[in-house]
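Adding 2 to a residue's 1-based position in the sequence shown gives its number in this note's numbering.
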Amino acid sequence: MSDVTTNWFAGVSAVLAIMVIVHTLLQLRKNKRWKDDRDASSGASLVSRARYRGHRVMHYSDGSVLAETRLGFRSFENFDLYRQYIDR
């Protein structure tokens with residue numbers, strides 16, 4: 003009985019360790035995308051980062067917006083166009 007219990011705990015520990023490693027790697031990947039300083043197509047500098055309705059949004063000095071959408075990051079001429087895209 004003791005060997006079965008030891009094997010069970012070893013198996014559960016291994017599964018939990020794998021889950022923690024996968025979760026950590028996914029979080030690092032997510033944070034890297036968010037911290038990536040992408041420049042606007044016109045070369046404008048990054049002014050601020052924010053969240054709008056759960057989506058990450060980056061505002062640039064020329065008024066353009068780089069926003070996270072379901073399909074990845076997408077560039078918008080201004081924040082109003084982005085808001086229309088989200089609210090549709």
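All C-beta atoms in this analysis are idealised placements derived from N, C-alpha and C, irrespective of residue type, glycine included.
According to DSSP, is residue 77 part of a helix, a strand, or is it coil?
strand
So, with DSSP's three-state summary, where would you put residue 63?
coil
Can you tell me whether residue 27 is buried or exposed? The criterion is at least 16 other CB atoms within 10 Å of its CB, across all chains shown.
exposed
From residue 86 to residue 24, what does the alpha carbon distance come to, in whole angstroms?
36 Å
Would you give the residue range spanned by the beta strand (DSSP E) that residue 53 belongs to?
48–54
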